[in-house]
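One structure is given here, and the rest of the page talks about it.
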Ligand SMILES: C[S@@+](CC[C@H](N)C(=O)[O-])C[C@H]1O[C@@H](n2cnc3c(N)ncnc32)[C@H](O)[C@@H]1O
């Protein structure tokens, strides 16, 4: 899983607040686990928005499928690395916002960079990549990929977390 406890409501709110319900119509969550953040994202999204989630663990896929019955949501049982293939099949041309809980600090940096660059390439200009972590280890990587970075500390979480948001800049 990559965490000792589910994300607190303070962390979930800090993440969901970064979604703009007026502009973010195609939102993608990577690594939702049992869906604790997913619920906050769905509550934040407008009725005409779409949420696509990627999760590799079949237990969580089953749990999320049983918990949420929301027509805005598409559940993909595959690694985030393969997002492009799924977006093409779904007719998605660009993404407004990514929310990721993938524990990248536990994965090879080359894989993290590949997934992060894939997110960057699918984002619309001005779209955002939002990631939470418990350490600042990967900040340099995100800055390298996106050329910008904003960090918010969420103390009321076990352990305290940081929410990183990066915007896709124009050329
Ligand atoms: C820390 S959990 C997220 C838990 C939940 N979002 C929370 O805040 O409590 C990370 C999740 O990322 C998933 N994951 C790891 N690598 C992945 C990948 N390459 N693609 C999609 N999901 C992945 C894991 O299966 C796990 O469910």
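In this note's numbering, the protein residues as written are 4 to 174.
Beta carbons are placed, not taken as given, at the ideal position from N, Cα and C, and that holds for glycine.
In this text, all values refer to a predicted model and were calculated from it rather than measured experimentally.
Task: Span of the beta strand (DSSP E), counted from its first residue to its last, around residue 33 - done: 29-33
TODO: Please check the pair residue 39 and residue 15, which I expect to be a contact at CB under 8 angstroms, by giving their CB distance rounded to whole angstroms.
DONE: 6 angstroms
Open item on the list: If the criterion is Cβ atoms closer than 8 angstroms, does the pair residue 146 and residue 170 meet it?
Closed with: Cβ atoms of residue 146 and residue 170: not closer than 8 angstroms.
- [ ] Would you kindly report the start and end of the unbroken alpha helix (DSSP H) that includes residue 18?
- [x] 12-19
Open item on the list: Could you compute how far the alpha carbon of residue 97 sits from the alpha carbon of residue 32?
Closed with: 14 angstroms
TODO: On a CA-only basis, which of 95, 86, 101, 105 is nearest residue 60? Give me that one, please.
DONE: 105
TODO: Evaluate residue 70 with the Cβ neighbour count: other Cβ atoms within 10 Å of its Cβ, from every protein chain shown; 16 or more gives buried, anything less gives exposed.
DONE: By the neighbour-count rule (16 or more Cβ atoms within 10 Å), residue 70 is not buried but exposed.
Open item on the list: Please return the same chain residues whose Cβ sits closer than 7 angstroms to the Cβ of residue 47, not counting the five positions on each side in sequence.
Closed with: Result list for residue 47: 19, 22, 24, in chain order.
Task: CB contact flag (residue 65, residue 34, <8 angstroms) - done: No; because the gap between Cβ atoms is not below 8 angstroms, this pair is not in contact.
Open item on the list: Please classify residue 81 as buried or exposed, where buried requires at least 16 neighbouring CB atoms within 10 angstroms.
Closed with: exposed
Task: Where the beta strand (DSSP E) containing residue 142 begins and where it ends - done: It is not in any beta strand (DSSP E) - residue 142 instead sits in the alpha helix (DSSP H) that spans 142-149.
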